[in-house]
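**Q** Got a structure for you, written out below as structure tokens; questions coming shortly.
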Amino acid sequence: MSSPRHTAPAVATTAAPRPRGHYAQARIAGDLIFTAGFGPVDPQTGLLVGDGDVAEQTRQTLRNLQAVLAEAGATLQDVVKLTAFLEDPDRDWDAYDAVFPEFFEAPYPARLTAGAHLGTILVEIEAVALRPPQDLASSPQ
280 MSSPRHTAPA
290 VATTAAPRPR
300 GHYAQARIAG
310 DLIFTAGFGP
320 VDPQTGLLVG
330 DGDVAEQTRQ
340 TLRNLQAVLA
350 EAGATLQDVV
360 KLTAFLEDPD
370 RDWDAYDAVF
380 PEFFEAPYPA
390 RLTAGAHLGT
400 ILVEIEAVAL
410 RPPQDLASSP
420 Q
């Protein structure tokens, strides 16, 4: 006899771009939140933000991650690992990296940044975050 299959809840919000394929914006597995990769798309218009500006594209991408994490009951401060892809790391690293202190405080998440052919965007980022305990997340501070 097989045990019942556990399904990790999916996270969905209109405050971040809708998936363009068969995937969830994020999934919750135990105490962890795994997000999809997000790029610099404005969720209200569906249009790319910051044409040719990696700093502005990074800001929009992190705002999209922030929205999905909020829907799951977390913040960017709960992120423990980021995986990012840059269209041109040699050209864009400094401007991309300079944006992170606008969204994160020390201790910063662990991060991997690699080059990848992204087509019309300059950056894509996914995250793994710790999900705060529900009783703490909903209690007043």
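In this note's numbering, the protein residues as written are 280 to 420. Positions of the beta carbon are idealized from the N, C-alpha and C atoms, including for glycine. Since the model is a prediction, treat every value here as computed from it, not as a measurement.
Give the single residue among Gly331, Leu361, Val333, Ala377 whose Cα lies nearest to the Cα of Gln345.
**A** Locating residue 345 in the sequence shown gives position 66, counting from the first residue. Ranking the options by Cα distance to Gln345, first place goes to Leu361.
**Q** Thinking just about the alpha-carbon of each residue, which of Ala395, Ala294, Gly309 is nearest to the one in Thr286?
**A** In the sequence shown, the residue the question calls residue 286 occupies position 7. For Thr286, the nearest C-alpha among the options comes from Gly309.
**Q** Would you call Val359 buried or exposed, if buried means 16 or more other Cβ atoms sit within 10 Å of its Cβ?
**A** The residue labelled residue 359 in the question sits at position 80 within the sequence shown. An exposed status is given to Val359, since fewer than 16 other beta-carbon atoms sit within 10 Å of its beta-carbon.
**Q** When the Cα atoms are used, what is the spatial distance from Gln420 to Pro380?
**A** What you label residue 420 is simply residue 141 of the sequence shown in a count that begins at 1. What you label residue 380 is simply residue 101 of the sequence shown in a count that begins at 1. Unreliable placement is indicated for Gln420, whose pLDDT of 37 sits below 50; the coordinate value is still reported in the next sentence. Straight-line Cα distance between these residues: approximately 24 Å.
**Q** For Ala351, which beta-bridge partners are listed by DSSP?
**A** Counting from one through the sequence shown, the residue named residue 351 turns up at place 72. Per DSSP, none; premise fails for Ala351.
**Q** Since Ala271 and Ala315 are thought to touch, with beta carbons under 8 Å apart, how far apart are those beta carbons, to the nearest angstrom?
**A** Any property of residue 271 remains undetermined from this structure, which presents the chain solely from 280 to 420.
**Q** Can you find the residues in the same chain that come closer than 6 Å, C-beta to C-beta, to Asp357, ignoring five residues on each side of it along the sequence?
**A** The residue labelled residue 357 in the question sits at position 78 within the sequence shown. Cβ within range, chain order: Ala408, Leu409.
**Q** Can you tell me whether Gln413 is buried or exposed, with buried defined as 16 or more other CB within 10 angstroms of its CB?
**A** In the sequence shown, residue 413 corresponds to position 134, counting from 1. It is exposed - the Cβ of Gln413 has fewer than 16 other Cβ atoms within 10 Å.
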